[in-house]
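The opening position of the sequence shown corresponds to residue 1 in UniProt numbering, with each subsequent residue numbered one higher. Note that CB positions come from ideal geometry on N, CA and C, so glycine has one too. Note that the structure is a prediction, hence the values are computed from the model and not measured. First up is the structure itself, then whatever we jot down about it.
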Amino acid sequence: MPDVLVAGAGPVGLTTALLLAEHGLTVEVFEAADSISTQPRASTFHPPTLDLLHRVGLAEPLIAQGLKAPVYQHRDRERGLVADFDHAHLARDTGFPFRLQAEQHKLSALLLERLGDRVRFGHRVLGVSQDDHGTVVRAEGPDGPLVTQAGHLIDAGGAPGAVRRALDIGFEGFTYEDRYLVLLTDFRFEDHLEGLAKVAYISDPDEYVVLLRAPDAWRVLFPVREDVTDPAEWERMLQGVVARPEPYTVLHHQLYSVHQRVAERFRAGRVLLIGDAAHINSPIGGMGMNNGIHDAFALAAALRPAGVRDGSAPWTDEALDSWADRRRRTALEYVKVITDRNARALGEKDPERRRAAQAELAATAADPAKARDWLLDASMLRAVRGQGLLPC
């Protein structure tokens, strides 16, 4: 049986599988879908994530398929530019002082190329049992139900969490009232909004906007309270960003609920939760996928040295408990706090509080030392350093 079975072939599951395989473990990946999803989901890679991916030769080929965003902005619908935050302030802290805008499936494709036939598509994990010697995994494959064994099961299967539910692990937190509507359009906002950066958070008490430049289109995010499926309503919203006589072309749309939830524990014996199976958060700030990739690197760092395994478990119980505790605290005390604050600040309705917050942002961005300190959090560098994954 393999040392590890990973449930889920998203970027987090595949990163986990590659790291463990390169440390000498036998690994299989089960993915319910028939192929890697190319749906436009996460699209931001932060500097420390690129630093980590560089170690396994993946940063450079990923960067070649994306857009570097060295500056990102806070703007106001009425006032325009509030603050520019330039990653140049982090030039001594990272080898990649920019946000990379690239769709997550581009990383998944690079990982799949490295993993080859270790990934089995059309295999959905349904449940698990375990004893002191390993796990017994129930799954559904192309030919029907199957049962397989693995030393450890790592659930990277996302928020639905079949494994998490089977183990009766709570998923604590809340769901926002607003849902998020994401529209992809080929309209060139940068030609109409002066000084627009590739990443812009535009605050408004009624309908804030996030503009993210992807390689082939702009992603435009709006908060909505209802299922907005009428193209006429999409047109109204886009015209509110930049008014133009011609209608917008919407290349793709996506509507989803937004949560802040963290599993009550990331480990149950030989079963580990990672990525969205362990934590989900508001996408404002682009931290979710990055945090899951950091989970994977932290788990690989917790392995016993290869030379002392000699058939024993890849991890000690103490190492897994420490990994689970540290990663859960990062999700709760860092990612949840920052992304929730980001989401609420964009839609702040009190005019005095909004003006005060924007004045503070502008002052922070104008002071190089304060801007660097702010960016250490926004880029996730401080959190990754705190886990010992990158040098301080």
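- Taken atom to atom, the span from the alpha-carbon of A162 to that of G127 is near 7 Å.
- In its chain, beyond the 5 residues on either side, D155, F171, A263, L273, A277 have a beta carbon closer than 7 Å to the beta carbon of R164.
- Residue ranges of uninterrupted beta strand (DSSP E) with 3 or more members, entirely inside the region 89-130 and ordered along the chain, are 99-101, 119-121.
- Taking a 10 Å sphere around the C-beta of K349, we find fewer than 16 other C-beta atoms and assign the residue as exposed.
- At the C-beta level, G275 and D295 come within 8 Å of one another.
- The beta carbon of T185 sits closer than 8 Å to the beta carbons of A217, W218, V220, L238, Y248, T249, V250, L251 from its chain, once the five residues preceding and following it are set aside; these are given in chain order.
- Its chain contains V128, A150, L153, R270 as the residues whose beta carbon lies nearer than 6 Å to that of T135, once the 5 sequence neighbours on both sides are disregarded; these appear in chain order.
- Counting the other Cβ atoms within 10 Å of the Cβ of V147 gives fewer than 16, which makes it exposed.
- Under the criterion of beta carbons closer than 8 Å, L115 and A42 do not qualify as touching, at roughly 20 Å.
- Cβ contact annotation for V6 (same chain, cutoff 6 Å, sequence separation greater than five): G13, T16, A17, V29, I154, A156, in chain order.
- By the Cβ neighbour-count rule, Y256 is exposed, with fewer than 16 other Cβ atoms within 10 Å of its own.
- Annotation for W323: A298, L299, A302 place their beta carbon closer than 7 Å to its own, counting only its chain and skipping 5 residues before and after.
- Exposure of A243 is indicated by the presence of fewer than 16 other C-beta atoms within 10 angstroms of its C-beta.
- By DSSP's assignment, G8 forms no beta bridge with any residue.
- Rounded to whole angstroms, the gap between the alpha carbons of A232 and D86 is 37 Å.
- 8 Å or more divides the Cβ of M289 from the Cβ of V335.
- The DSSP-derived three-state label of L18 is helix.
- By the criterion of a C-beta distance shorter than 6 Å, V71 is surrounded in its chain by D84, D86, A197, once the five residues flanking it on both sides are discounted.
- The criterion of a C-beta distance shorter than 8 Å is satisfied by P314 and D3.
- In the three-state reduction of the DSSP assignment, E177 falls in the strand class.
- Here DSSP, grouped into helix, strand and coil, assigns E235 to helix.
- Annotation: the continuous alpha helix (DSSP H) that includes A298 extends over 288-301.
- Here DSSP, grouped into helix, strand and coil, assigns F189 to helix.
- Under the DSSP assignment, H252 falls outside any alpha helix (DSSP H), being part of the beta strand (DSSP E) whose first and last residues are 250-263.
- L67 and P223 have their C-alpha atoms some 25 Å from each other.
- Under DSSP, I202 forms a beta bridge with R75, V209.
- D178 is positioned such that its CB atom lies closer than 8 Å to that of R225.
- Taking the Cα of N281 as reference, the smallest distance to any Cα among A362, Q104, T339 is reached at T339.
- For R270, no beta strand (DSSP E) run applies, since DSSP gives it neither H nor E.
- Here P11 is actually not in contact with Q101; their C-beta atoms are around 15 Å apart, not less than 8 Å.
- Sequence-distant Cβ neighbours of S35 in its own chain, meaning closer than 8 Å and more than five residues away, are F121.
- Taking R341 as reference, the option from G173, G285, H54 with the minimal CA-CA separation is G285.
- Inter-residue distance for R326 and D132 is about 24 Å (C-alpha atoms, whole angstroms).
- Taking the Cα positions, W234 is about 18 Å away from R213.
- Secondary structure note for H54: its alpha helix (DSSP H) is the uninterrupted segment 47-55.
- H192 sits exposed, since fewer than 16 C-beta atoms from the chains shown fall within 10 Å of its C-beta.
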